[in-house]
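All letters in the sequence shown, in the order written, are residues 1211 to 1562 by our numbering.
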Amino acid sequence: MNTQLPVDAGLITNISDVAQHRPRLLVVDDQPINVQALYQAFSADHQVFVATSGEQALALCASRRPDLVLLDVVMPGMDGHEVCRRLKADAATADLPVIFVTAHNDEASETLGLDLGAVDFISKPINPKIVRARVRTHLTLKAQSDLLRGMAYKDGLTGVYNRRHFDERFAAEWARVARNGTMLSVILLDVDFFKRYNDHYGHQAGDECLRCVAATLKAGLKRPGDLIARYGGEEFVCLLPETPLNGALHLADALRTQVAAQQIAHAESSVAPVVTVSLGVSCARGDGAVSAGVLLLAADAQLYQAKSNGRNGVCGIDVQVAEVCPTGANMVKPAYAVPSSAVGPPSGVYVS
Ligand code: GH3
Ligand code: MG
Ligand code: MG
């Protein structure tokens, strides 16, 4: 145990941490004198990015991910209203607070800006104290809503996504797969003999075990598009866009190995002296012949198969192939050499 840890916990200990904690502001104005005034008001305790045109503002929103935008209305080319419209139309930037900074502080202009989704209006010439106070308020509101949104999608015990978020992402991914004709794989994963673990070590140790399994799975997913969620109880689900069955089986087996390698003692398991998992994998191409529900049911059936095979193993199915050849659906044969396991047999990967 590192005795240094509690002393440093929560403290900002290096310059990159400091940079991370400074709110990121994007100032958009075609007039250097206005940019200068806002830069001076914020540069001491914010990261300030500057754009002098609407096009540049959109590019910086995508690349720099600011926390808030101070947006001029009247600019040559794309004006501030159009920038705001585009930011709100893009899911990636729709939640970004926009404050219009304008000399046109008439009712019509203000109403239009608010209708477009701006959170506030500030008049030029700016009063630095007032701008700072309003920006602080909106940054706090943004941080609070980000936190709430995060909590709504995260599982409270393990910190990975929850079932609700999985359902949403699964539906969205399946729609994308159907449009593009690409592949989607699903892994359903269940901790082996977890009831016995709870009975033997207690519920709190069980919770800690689930946290460790979740963290291991999360670390094991490498691609940015991959998703891990707690499906319920001691079951987790992984969504792997554009991944064929073979790739998903390899990943599933790597996850199985990594969980066992955590060496969480499980004295009551009949399969190994440590905590292990069983995994069911399914894969389908979005060609309209298979539904998302079928893909999930197939992964569940493969998980059941992995349990029946003795646990601490992986079973997988290509739903399209199985549909073409239904007699093959229940035929279990090794997909490749059974990997040597840190915790001994039975283990391995099977494909239906
Ligand atoms: P199998 O290998 O067939 O999956 O057996 P199992 O014992 O893991 O499966 P079973 O479904 O019989 O038991 C699952 C256990 O998981 C029972 C339940 O109390 C426990 N469990 C579910 N959610 C939680 C949780 O959040 N924390 C803890 N500690 N235990 C949980
Ligand atoms: Mg279960
Ligand atoms: Mg279980």
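Yeah, the Cβ is synthetic: ideal placement off N, Cα and C, and Gly gets one too.
Small disclaimer: the values here were computed from a predicted structure and weren't measured.
- Excluding its 5 nearest sequence neighbours in each direction, Phe1380 has C-beta neighbours in its own chain below 7 angstroms: Leu1449 and Ala1502, listed in chain order.
- Beta-bridge annotation (DSSP): Val1238 is paired with Ala1261 and Leu1281.
- If you measure from each CB to the nearest heavy atom of ligand 1, the residues under 7 angstroms come out as Leu1367, Asp1400, Val1401, Asp1402, Phe1403, Phe1404, Lys1405, Arg1406, Asn1408, His1413, Gly1416, Asp1417, Leu1420, Gly1443, Glu1444, Ser1488, Lys1517 and Arg1521.
- In its chain, beyond the 5 residues on either side, Cys1525 have a beta carbon closer than 6 angstroms to the beta carbon of Gln1515.
- Remark: three or more beta-carbon pairs, one from each stretch, lie closer than 8 angstroms, so the segment 1248-1257 and the segment 1333-1343 are flagged as touching.
- Collapsing the DSSP output to three states places Val1370 in coil.
- Going by DSSP, Met1361 is part of the alpha helix (DSSP H) stretching over Pro1338 to Tyr1363.
- The beta carbon of Asp1436 lies closer than 6 angstroms to those of Leu1450 in the same chain, with the five residues before and after it left out.
- Around Asn1372, the same chain offers Tyr1363, Lys1364, Asp1365, Ala1439 and Arg1440 as residues with beta carbons nearer than 7 angstroms, after the five sequence neighbours per side are excluded.
- Under DSSP, the beta-bridge partners assigned to Ile1309 are Leu1280 and Asp1330.
- By the criterion of a C-beta distance shorter than 7 angstroms, Ala1388 is surrounded in its chain by Gly1496 and Gly1498, once the five residues flanking it on both sides are discounted.
- Residue pairing for Gly1442: DSSP places it in a beta bridge opposite Glu1445.
- Secondary structure remark: continuous beta strand (DSSP E) runs of at least 3 residues inside the segment 1395-1437: none found.
- Here Asp1528 carries a strand assignment [DSSP, helix/strand/coil].
- In this structure, the alpha-carbon of Leu1278 lies about 5 angstroms from that of Pro1307.
- 9 angstroms or more divides the Cβ of Phe1403 from the Cβ of Ser1492.
- By the Cβ-count criterion, Gly1391 is exposed, with fewer than 16 other Cβ atoms from all chains shown falling within 10 Å of its own Cβ.
- Looking only at Gln1472, Ala1477 and Gln1512, the smallest Cα-Cα distance to Gly1490 is reached by Gln1512.
- The beta carbon of Val1260 sits closer than 6 angstroms to those of Val1237 and Val1245, all from its chain and outside the five residues before and after it, given in chain order.
- In summary, Leu1351 is exposed, with fewer than 16 beta-carbon neighbours lying within 10 Å of its beta-carbon over all protein chains present.
- Look at Arg1495 here: in three-state DSSP terms it is strand.
- Between the segment 1280-1290 and the segment 1262-1269 there are three or more inter-stretch CB-CB distances shorter than 8 angstroms, so the stretches are counted as touching.
- For Ser1273, the three-state secondary structure derived from DSSP is helix.
- When rounded, the separation of the alpha-carbon atoms in Arg1466 and Asp1305 is 38 angstroms.
- Around the beta-carbon of Thr1368, 16 or more other beta-carbon atoms lie within 10 Å, marking it buried.
- DSSP places Gly1490 in the strand class (E or B) of the three-state scheme.
- When secondary structure is reduced to three states using DSSP, Ala1267 falls in the helix class.
- Thr1486 is the residue among Thr1486, Ala1509 and Leu1431 whose C-alpha sits nearest the C-alpha of Asn1522.
- Nearest in C-alpha terms to His1256, of all of Ala1269, Leu1235 and Asp1239, is Leu1235.
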